[in-house]
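Read top to bottom, the protein sequences are chains D and F. My numbering puts the first residue of the first sequence at 66, with every later residue one more than the last. My numbering puts the first residue of the second sequence at 34, with every later residue one more than the last. Backbone N, C-alpha and C fix where the C-beta goes; we use that ideal spot for every residue, glycine too. Since the structure comes first, as structure tokens, the remarks are kept for the end.
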Amino acid sequence: KNPLSSPMPIYALFIVNKAGSLIYHKNFSAKSRKISSNECLYMASVFHGLYLNASSLGQSSGDLRVPMGIEKIMTESFRLECLRTLTGIKFFLTADPDADYLKALLNDIYIIYTDYVLKDPFYVVEMPIRLSSFENKVMSYVLEASEKGEMKNQNR
Amino acid sequence: RRFDMAPRKVDTLYIFARDGSCLYLRKFAGEMKQDAKEVEIEKKNMFGLLFTLKTFVNSITPRNLDEQEKEPIRYFQTAQYQLHYMETASGLRFAASTPPNTRNMQVALGRIYRLYVDYVLRNPSYRVGTVINLAGFNQRVDAYVREIAG
């Protein structure tokens with residue numbers, strides 16, 4: 066099966082730390098619009114703010130112990146899904162609007178993060194992630210999820 | 034376009050003008066009593082969120098947009114609510130909050146926009162861009178919200 070024949074429905078992964086800074090970004094789709102690295106940094110922080118705003122609008126009591134912010138954004142061209150861990154790290158993916166399998170993939174990526182990043186003795190928490198072992202593992206999971214997702218969609 | 038009969042419980046309906054002023058804020062959920070200051074804060078926060086969300090979405094979209102083209106937002110969702118969004122060509126913004134995992138409300142928002150055109154815009158006593166305080170519009174919106182609540 067030629068990997069270039071079916072376009073990649075998962076576009077990009079962003080990981081934002083507790084303070085709202087981008088610590089990881091990866092583009093999976095060659096055909097999607099290129100976003101400059103500066104723009105990525107900025108957008109990650111904007112999302113962090115949006116996440117908190119959405120959370121405060123939902124909580125009338127004003128109790129901000131565990132913010133419950135944006136988990137999904139649907140637009141005409143893409144969808145975004147976000148996982149916030151209990152420690153405040155946010156993982157979010159942009160993908161095709163029909164990609165309804167992202168929640169499981171986000172959880173898998175979180176596990177890969179704990180195994181390959183957090184358990185790395187040289188990694189300092191909250192810092193940018195530059196580990197090829199992590200990147201390769203994420204890549205294989207993303208490819209697998211997109212292939213399985215595409216097959217399921219075709220069978221509908 | 035087929036509009037399925039899945040229940041859609043609207044908790045709050047907002048209508049914003051392009052300049053950010055809130056023309057209409059209507060709560061259907063009922064219980065929460067808010068004082069005037071809280072309501073004003075909610076209006077500003079909601080518009081601010083929608084405005085920033087638009088900017089964010091336009092920057093992160095994988096689609097190559099033309100000069101003036103914007104990426105239309107359908108909705109966003111948190112664990113506590115879902116916010117459906119529709120913007121008209123004139124810059125009027127309709128937003129409706131519902132419980133999470135509610136089906137698409139683009140058609141419903143379009144119907145509410147029609148109600149706005151028929152009962153607000155075409156009302157000779159209404160001045161465009163001002164706060165909407167019309168019994169006829171309120172009644173129609175109430176009826177429609179009840180109808181789609183299932």
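Relative to the Cα of Tyr47 of chain F, the nearest Cα in the group F:Arg144, F:Phe80 and F:Gln172 belongs to F:Phe80. Distance from the Cα of Ile75 of chain D is smallest, within the candidate group D:Ser197, D:Ile135 and D:Glu146, for D:Glu146.
Residue state for Val164 of chain F is assigned as coil, using DSSP reduced to three classes. In the three-state scheme derived from DSSP, where H, G and I count as helix and E and B as strand, Asn134 of chain F is classed as coil. By the CB criterion at 8 Å, Ala119 of chain D and Leu82 of chain F fall inside the cutoff. Comparing alpha carbon positions, the residue from D:Ile154, D:Asp163, D:Arg195 and D:Ile100 closest to Met216 of chain D is D:Asp163. The C-beta separation of Glu136 of chain D from Gln110 of chain F comes to about 6 Å, placing the pair in contact by the 8 Å criterion. In the displayed model, Thr159 of chain D falls within a strand according to three-state DSSP. By the neighbour-count criterion, in which a residue is buried when 16 or more other Cβ atoms sit within 10 angstroms of its Cβ, Gly124 of chain F is exposed. No Cβ of chain D is located within less than 8 Å of the beta carbon of Glu120 of chain F. A check of alpha carbon separations from His113 of chain D across D:Pro193, D:Tyr181, D:Ser94 and D:Ile80 identifies D:Ile80 as the nearest.
The beta carbons of Phe61 of chain F and Val90 of chain F sit about 27 Å from each other, so the pair does not count as a contact at 8 Å.
The C-beta distance from Leu148 of chain F to Val174 of chain F rounds to 6 Å, short enough to fall under 8 Å.
Short of 6 Å from the beta carbon of Val207 of chain D, and not among the five residues preceding or following it, lie these beta carbons of its own chain, in chain order: Ile75 and Phe93. Neighbours of Thr152 of chain D in chain F, taken as residues whose beta carbon is under 9 Å from its own, are absent, since the nearest beta carbon is some 17 Å off. If you draw a 10 Å sphere on the C-beta of Met192 of chain D, you find fewer than 16 other C-beta atoms in it, and that means exposed. Note that the C-beta distance between Asn82 of chain D and Ile176 of chain D is not below 8 Å. Here DSSP, grouped into helix, strand and coil, assigns Val72 of chain F to helix. Taking Arg130 of chain D as reference, the option from D:Thr152, D:Val111, D:Ser197 and D:Arg144 with the minimal CA-CA separation is D:Thr152. Per DSSP, reduced to three states, the secondary structure at Met216 of chain D is helical. Selection F:Tyr114, F:Tyr118, F:Thr121 and F:Arg144 evaluated against Asn134 of chain F yields F:Tyr114 as nearest (Cα-Cα). Contact with chain D is absent for Met38 of chain F, since none of that chain's Cβ atoms lies less than 8 Å from the residue's Cβ. Residues of the stretch 126-148 of chain D with a Cβ closer than 7 Å to any Cβ of chain F, in chain order: Met133, Gly134, Ile135, Glu136, Lys137, Ile138, Met139, Thr140, Glu141, Ser142 and Phe143. Within chain F, not a single residue places a beta-carbon under 8 Å from that of Asn172 of chain D; the smallest gap is close to 15 Å. A direct Cα-Cα distance of roughly 4 Å separates Pro40 of chain F from Gly183 of chain F. Residue state for Ala112 of chain F is assigned as coil, using DSSP reduced to three classes. Residues Tyr181, Val182, Asp185 and Tyr188 of the same chain have their beta carbon placed closer than 8 Å to that of Leu196 of chain D, with the five preceding and five following residues left out of the count. The alpha helix (DSSP H) runs of length 4 or more contained entirely in the stretch 160-217 of chain D are, from start to end of the chain, 167-178. Only exposed fits Phe84 of chain F, as fewer than 16 other CB atoms lie within 10 angstroms of its CB.
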